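Single-structure report; data block below.
There are 2 protein chains.
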Amino acid sequence: MTICGERTQSVRQFVDRVARLAGALRQLGIESNERVAILAHNSDRYIEYLFAVPWADAMLNPCNTRWSMRENAYALDDSQTAALFVDDAFVAMGMELSREVKSLRHVVYTGEGETPPGMMNYEALIANATPIDDARRGSAAVLGIFYTGGTTGFPKGVALSHEAFWSSQMTLVVAGAVPVGTTLLRVAPMFHVADMAVGYAAVLQNATHVVLSAFQPQQVMTAIARHRVDTTLLVPTMIQMLVYHPAARTYDLSSLKTLIYGASPIQEQVVLDTLALLPGVRMFQAYGQTEMAPVVCLLGPEHHSVEAAALGLLRSCGRPTLAVEVRIVDGEGREVPRGCVGEIAVRGPNMMHGYWEKPEETAAVLRGDGWLLTGDGATMDDNGFLYIVDRVKDMIVTGGENVFSAEVENAVASHPDVAMCAVIGIPSEQWGEEVHAVVVVKPGCQPTEAMLIAHCKQRIAGYKCPKRIEFRDTLPLSGAGKVIKTELRKPFWMGKVRRVG
Amino acid sequence: MTICGERTQSVRQFVDRVARLAGALRQLGIESNERVAILAHNSDRYIEYLFAVPWADAMLNPCNTRWSMRENAYALDDSQTAALFVDDAFVAMGMELSREVKSLRHVVYTGEGETPPGMMNYEALIANATPIDDARRGSAAVLGIFYTGGTTGFPKGVALSHEAFWSSQMTLVVAGAVPVGTTLLRVAPMFHVADMAVGYAAVLQNATHVVLSAFQPQQVMTAIARHRVDTTLLVPTMIQMLVYHPAARTYDLSSLKTLIYGASPIQEQVVLDTLALLPGVRMFQAYGQTEMAPVVCLLGPEHHSVEAAALGLLRSCGRPTLAVEVRIVDGEGREVPRGCVGEIAVRGPNMMHGYWEKPEETAAVLRGDGWLLTGDGATMDDNGFLYIVDRVKDMIVTGGENVFSAEVENAVASHPDVAMCAVIGIPSEQWGEEVHAVVVVKPGCQPTEAMLIAHCKQRIAGYKCPKRIEFRDTLPLSGAGKVIKTELRKPFWMGKVRRVG
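Chains as they are written, first to last, in the numbering used here: chain B, 47 to 547; chain A, 47 to 547.
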């Protein structure tokens, strides 16, 4: 069942509409394996799109809603996408894209208003279509192409098979992260494979899908209370915005039993405060990447507790799921001893076929021995827990010492007045780099720089403590909800060269 | 880890031996996709075989240990099998097979004694081999060919892919039937896909495998107590032999938490008596067939209770797993209304590729629309529970009324003196057929025919009650542990023709 605003839809209605929408796509001349894109905020119609396109034997291509017209035009052109769905928020960009991208033959309007000129109406297509049978593409077929930006260079289209998603989502089900009969809140962006994997898993588990178009803390809490939501996927910054929201304790959030998060590291204090606000909530950290559809490691509820924090386990991104093999390798692809830093290599049925029509980029990460290189540095301990030591750019070198931003962020965020915090290295004549914290305080709190630095000194070595604290109202966030540290660093590093990253 | 008799083996040793055994197979000249068979009782070496053959890029072909030399020769010849492993129990048959089956180039002796002439020694092969890397055949490749007898005609080789097993075993894991870190007793025959699916699932779940070569009630109970076994797969007749064993209460069976059964219907009273003997045990009924690798439906612990029995749920074989779709269809393949009898049709990733080199037999069950016809008659209720109404031959027509043997068996078996019971139809001048029960009593009990018939009359309609009770010491069992009713019927039907079945 889907619930989207005031619109509720049964499984039977959903399947009927999907079969009709697939029929409409075929009647529009969409051929087997052609790409059909969507550029829209979350909605029940987005879920229909995710099912109707493979049903019609075509491939998905969900566009990143945070990207510029130029970036999306690149992705649509690179994948030679034949049709594009847009909602009310993206009508203007859709019109531009239909002029810019030569391969686009159809633009379908999924919004609630008047159908813009040159576009087809989504509901009219469904109403007039003849339903067709599911193409049953088979597990080896490509389900879709998923463009990832990375921080540099052009976007790459990750080609993921039905088998890749099936394997990845089954690991979530096996772990208990998507319980049978769950009521799932889908507020993380649907263009991300993380929400897709959780969403497909939820379909297997006969879920009710409660859909929110975008993340607003009070709307999220209202939806949880109103629909008795028991499971959701959030990114750590969303969790922070909920847990430290001044009205958090005025909502009945008691139904929420399962909280999956990922995409970026979480601060230990946030986990502990989440467990305090939501007693008994089962937290799952998922580590992965688009290339793995996306789940590689899971850190389960048994490792989210005060005791686990004391053992340092909350700094781990978990252990490999039962679908994958993971090795920490050196530059030659040889496994390094436990405890040593290397690159995470992974293989399993959830691995991508490759980057769409980019054999060189594909060969750079898929070395032909079956292993995929993730680009993430980590260690593995004797119990198989992985620790991302790095995302190399996020290490600060100060006075010859290596300082990991995450450790400092944990120290700062453990102060009761701090809502969010990001730590970066800024240039220093004396130290090369010095540790610099950017802090958003909780409503009504007014900590001073000296108070926060003193707080840190009780917790971590002096050289790791911020030299300066900068207070801001918000932090710049990426589409995936990660703090964009490059933006924070920019004013400090204008005209200078960082030595790491 | 594996435990087989006094022999214990770590995962590391197991993987090393598998890599060597695979190397030995390649060095013997076994080529990609060639078939390698085994004819042996359960052992840790059997599990090594199950992994080493695909590791070497070859296909499995586990022989039925209950079959005659002639039947196994047919299967080995039909599949053009290149190598055969035999243990001590099957040395003589192995010698005969090596003469009879032209395709067999190698026979490998996995036993504990002197290597018989003309055979190679298993341990010597492993000791002298160079380990190789896993061939990583991929999900679409055929993992093995599994011969099923059926009750008539020649055996057929069911070709099952890696994906088929992976999908089937994941449904067991998702259902909680194979817990993480489980200690699994493997006593059901390993040549059956049921034990293979549970065993592969257990490997994913990092299990300890306790292996028994054959089913003996006291050995099973000793192994459970000694190794603190928490999970096992049994067929219903094995469960009966354990639960009604006079010494059952003298063993510490408290570690046993998960009991999977299948392959044939179970009598309600046996379930209730099992729950009484093993309080808190979680029972899972699996319904399926070799063609589905094999799991189609599961009836979980929440439906194994006095309350579930009162609702009639213990007569169900459960609901479709999350990997499959199930329909009850008429002779034209159209879905029948809920509650109506039809044939179970199923589709999903665990479906066979087909019968080995038997396109006509394959086309008879795989009709090209993606659905596999199981040959089992059933109804489905509004909640998706399936009820096998039939296996047509097991219905008795008496005085124009249809009597289902299972219902009568439940009534007879609910008498406290009855250990096992099978109900058949025998010829009757007056009624066409009459209901006839064959009973094995519990040790020390001496119920009379009149007592048991009176017991039934309190429970089911008079025309359903047995007209006669025949007492025996044992019942004839098939390889899968099913009562062979054809043998029970034979003396009554010599020279006569049954109207049903």
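From the three backbone atoms N, C-alpha and C, an ideal C-beta is built for every residue, glycine too. Every value quoted in this text rests on a predicted model; they were computed, and no experiment measured them.
N-terminal and C-terminal residue of the alpha helix (DSSP H) that residue i is part of
i	result
P163/B	Careful: P163/B lies outside any alpha helix (DSSP H) and carries neither H nor E.
A129/A	A129/A -> not in any alpha helix (DSSP H); beta strand (DSSP E) instead, spanning 129-132.
I499/B	495-503
Q264/B	263-273
Q55/A	Counting along the chain, Q55/A falls outside any alpha helix (DSSP H), though it belongs to the beta strand (DSSP E) covering 53-55.
I285/B	282-289
Burial state of residue i (16 or more Cβ within 10 Å)
i	result
I49/A	buried
S78/B	exposed
A332/B	buried
F97/A	buried
D241/B	buried
V219/A	buried
V57/A	exposed
V438/B	Model confidence at V438/B stands at a pLDDT of 48, short of 50, so the residue's coordinates are unreliable; what they give is reported in the following sentence. V438/B is exposed by the Cβ-count criterion.
M59/A	Here residue 59/A is Gln; the residue named in the question, Met, does not match the sequence. Looking at its Cβ environment, which holds fewer than 16 other Cβ atoms inside 10 Å, Q59/A is exposed.
Q504/B	exposed
R361/A	buried
S114/B	exposed
P462/B	exposed
K536/A	exposed
K148/A	exposed
T283/B	buried
Nearest-angstrom Cα separation, counted from residue j out to residue i
i	j	result
I270/A	D276/A	8 angstroms
E2/B	I374/B	Summary: the structure shown does not reach residue 2/B, with chain B confined to residues 47 through 547, and so no result is reported for it.
A86/A	G430/B	36 angstroms
D415/B	G364/B	25 angstroms
T197/B	G423/B	With a pLDDT of only 41 at T197/B, under the threshold of 50, the placement of this residue in the model should not be trusted; the figure read from the coordinates follows. Near 16 angstroms, if we compare the C-alpha coordinates of G423/B and T197/B.
V316/B	I178/A	47 angstroms
N174/B	S351/B	54 angstroms
V529/B	L368/A	38 angstroms
T296/B	T268/B	10 angstroms
V61/A	K303/B	39 angstroms
A181/A	A391/B	19 angstroms
R545/B	A243/A	Bear in mind that the predicted position of R545/B carries a pLDDT of just 47, short of 50, making it unreliable; the figure below should be weighed with that in mind. In a straight line, the C-alpha of R545/B is about 54 angstroms away from that of A243/A.
L74/B	G140/B	18 angstroms
L189/A	E209/A	9 angstroms
D90/A	M105/A	19 angstroms
G69/A	A170/A	13 angstroms
F538/A	V458/A	21 angstroms
Beta strand (DSSP E) segment containing residue i, residue limits
i	result
Y307/A	304-308
N107/A	105-108
R514/A	514-517
G423/B	418-426
G364/A	No beta strand (DSSP E) holds G364/A; DSSP gives it neither H nor E.
R393/A	388-393
Pair within 8 angstroms by beta-carbon distance, residue i and residue j
i	j	result
I172/B	R66/B	yes
V204/A	V233/A	no
L432/A	C511/A	no
V82/B	N118/B	no
Q313/B	E495/B	no
N110/A	Y193/A	yes
F517/B	V487/B	yes
V153/B	S144/B	yes
M338/B	N396/B	yes
P100/A	V137/A	no
A253/A	I306/A	no
A102/A	I76/A	yes
T229/B	R272/B	no
M393/B	L418/B	Per the sequence shown, the amino acid found at residue 393/B is Arg instead of Met. Cβ distance < 8 angstroms, so R393/B and L418/B count as in contact.
G164/A	D133/A	no
Y246/B	A465/B	no
V239/B	T320/B	no
Within 8 angstroms, do at least three Cβ pairs link the stretch 320-335 of chain A to the stretch 478-497 of chain A? At 8 angstroms Cβ cutoff, the stretches do not touch.
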